[in-house]
Structures are given as structure tokens and as C-alpha cells.
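Heads up: the structure comes next, in C-alpha cells.
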Amino acid sequence: MNLHKITSSPFTHLTLQHCLQRIQPTEGLLLTQDATYAVLDKTLYPKLIDLQSVYVLKEDAEARGIVIESGKIQLITYAQFVELSLEYDNVVSW
Amino acid sequence: MAMSNFAQDVSVFFIEDGVLQLLLSQDPAAIDAKAYHKTFKALEFYDIENIYVCRQSLEQRGIKSTQLCIEVTLIEHDDLSSLLASQQHVMSF
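Taken in sequence, the protein lines are chains V and E. To convert, note that position 72 of the first sequence is 72 in this note's numbering; the numbers rise steadily by one, no gaps. To convert, note that position 33 of the second sequence is 133 in this note's numbering; the numbers rise steadily by one, no gaps.
Below you can see the structure in the form of C-alpha cells.
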């Protein structure tokens, strides 16, 4: 099972949209850097919380003033990101 | 800010993801980045009062103007071109 990692803002790039069209519901999705802005996107947000495992890099969200309200989205540290990358078979960087 | 030192009449525009730079609750120290949003408060001391923010860009991102770190003037999509046209020089960041 793969962990899909997105780095770009959904408001400027279509990467997250492209990933969401292809990701399996049980796979992992990790939002880093400007991709953390995805939680502000009203159309993408419902699709995010439909997934089983959505992770947001805590440091990147806090740096940008992004507040995660849903319990379905897990805030993780850089150290936990490293652990996750070992738990999943592969990390797919979009 | 440097431009205003030369007594130029400066306007600043924030559109699309640029509006996110104005979010009040940013803490870039977490990723060792500079807290640029704190410097925006200094704009008024440089007599830069025309700070324009695209209303649609805010709305699309679910941001209210009360969540911004400075007072701004909201503009519509269509206003940008005419406002930019009234400037003598334009620099994009």
C-alpha cells in the first residue's frame, strides 16, 4: 500500500485533484508544504475526509496558520512522517 | 517598502494564494522560515496605504478579512486590471 505525498497548493496546481482521482480509499495521503492549504478548499475537503488515512504535516500547517478541525485528518510531525514512510510500501511524491 | 523610501506612491495587491500570506495565525518558525506577515504591519509607517486584496480569492479559501493581520481594501476580480492599469510600474513577487 502506498502513501501519496502532495506538496503544492490545490489553488495553483491540479496535482492533488489528479491524485484524488486515482487514489484508493485505503491508501494514505500526506499533505505537506503548500498542499496543507487543501483543507481550505471547499470542493476538495469532503473528498479528503472520505479517505481512510489523511495526514497533514503539523509544522507546515502551523507555519501557514492552517487549523485542522476534523478528527479524520491526522496531524503528524516530521519524525512521524519518517515512520509512516517505513510503514507504507512506497511513498509516491506527486 | 524600499520603493516608498523614494517618495513613490505604492500600492500592494494580494491575489490568489498570495492572500494566504496575510493570515494572522502563521508561525513560520516551525519550518525555520521568516515571519513575513509580521512585517506587513510596517507598511503604514512607509505610507503604503493602498493594500488591495481580492475578495474572491479570500472567499474561495474560506478566509474572512478578520483573519488577516492588517487592514486591507477588498477588491473584486474585475477591479484588478483597471487598478493595475493606473500604476506607472508593476513588479510581481
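Positions of the beta carbon are idealized from the N, C-alpha and C atoms, including for glycine. In this text the structure is predicted, and so the values were computed from the model without any measurement.
Residue range of the unbroken beta strand (DSSP E) whose run includes residue i
i             : result
S93 (chain V) : N90 to S93
Q74 (chain V) : I73 to I76
Residue i versus residue j: straight-line alpha-carbon distance, rounded
i              : j              : result
T15 (chain V)  : W94 (chain V)  : 7 Å
L177 (chain E) : M1 (chain V)   : Note on residue identity: the sequence assigns His, not Leu, to residue 177 (chain E). Spanning the two alpha carbons is a distance of roughly 43 Å.
V91 (chain V)  : Y136 (chain E) : 32 Å
G162 (chain E) : S182 (chain E) : 26 Å
H18 (chain V)  : S8 (chain V)   : 12 Å
Y74 (chain V)  : V56 (chain V)  : For the record, residue 74 (chain V) in the displayed sequence is Gln; it is not Tyr. About 6 Å.
F114 (chain E) : D132 (chain E) : 24 Å
R22 (chain V)  : H4 (chain V)   : 10 Å
Start and end residues, alpha helix (DSSP H) containing residue i
i              : result
T139 (chain E) : Y136 to T139
Beta carbon of residue i nearer than 9 Å to that of residue j
i              : j              : result
A63 (chain V)  : A129 (chain E) : yes
C154 (chain E) : L124 (chain E) : no
L143 (chain E) : V112 (chain E) : yes
I6 (chain V)   : A35 (chain V)  : yes
- request: Take every Cβ of the segment 43-62 of chain V, pair it with every Cβ of the segment 107-124 of chain E, and state whether three or more of those distances are shorter than 8 Å.
  value: no
task: Note down, in chain order, all residues in the segment 21-44 of chain V with a beta-carbon under 8 Å from any beta-carbon belonging to chain E.
output: D34, Y37, L40, D41 and K42
- prompt: Listed from N- to C-terminal order along the chain, which residues in the segment 111-138 of chain E have their beta-carbon within a distance smaller than 7 Å of any beta-carbon of chain V?
  reply: E116, D117, L120, L123, L124, S125, Q126, D127, P128, A130, I131 and A133
Interfacial residues, the segment 136-165 of chain E to chain V, with Cβ spacing under 9 Å: H137, S157, Q160, R161, G162 and I163
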